[in-house]
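Counting in numbering that gives the first Met the number 0, the sequence shown runs from 0 upward without gaps. Encoded as structure tokens, the structure appears first; notes follow it.
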Amino acid sequence: MKVAVKEGATSYNVAQSFLDENPDVSYEIVQYKDTVGCVSDLLAGRVDVVVNDLLNQKILSQEYEGAKIVCDPFTHAENAIAVQKGKDDLLAFINECIDEYYADGTYDTLWTKWIDASGEGEEAAAAEDAETAK
């Protein structure tokens, strides 16, 4: 079996760690420069499975018919915004925007519209529950 991962990404670490922790399991890890290459080779039958970040895979699954997410995430990775030291005003502005997006529902709306079009994401479910409760 061949497992596709993005070179140097968390997906590689996950695939390698699983091999290291399970000596009775065997597969070849195939590394790609980008996640599109992983999915393209999956659809072409050159690899058997892709390990990918959930956000990336949600988008790729919408763009490539046949690239389906088949399990819940098994790791957790945080995204971040880097700000140059000394740019305190910019940092405060970014944090304020993020807080507002969560508070007013903009984050959930954007997530549902652009990332989780099925409306089945945690944020969408929470928003739907809140709307139902009204």
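Backbone N, C-alpha and C define an ideal beta-carbon position, used for all residues, glycine too.
Can you tell me where the alpha helix (DSSP H) holding Y26 begins and where it ends? Run containing Y26: none; DSSP gives neither H nor E here.
Please report how far the alpha carbon of E64 lies from the alpha carbon of T74, in whole angstroms. 25 Å
Nearest-angstrom Cα distance between D98 and Q83? 20 Å
Helix, strand or coil for A1? Go by DSSP, reduced to three states. The question names Ala, but residue 1 in the sequence shown is Lys. K1 falls in the strand class under three-state DSSP.
Could you compute how far the alpha carbon of Q61 sits from the alpha carbon of Y31? 20 Å
For V49, list the residues DSSP reports as bridge partners. A3
Determine the DSSP secondary structure at L36, reduced to helix, strand or coil. Note that residue 36 corresponds to Gly in the displayed sequence, not to Leu. It is helical.
Between which two residues does the alpha helix (DSSP H) containing I93 stretch? D87 to A102
Where Y101 and D107 are concerned, what is the direct C-alpha to C-alpha distance, given to the nearest angstrom? 7 Å
Spatially closest choice to A79 from N94, E20 and V4, by CA coordinates: N94
Rounding to the nearest angstrom, what Cα-Cα distance links D87 and G104 in this structure? 26 Å
What residues in its chain sit with their C-beta under 7 Å from that of A14, if we drop five residues either side in the sequence? V2, V4, I28 and V50
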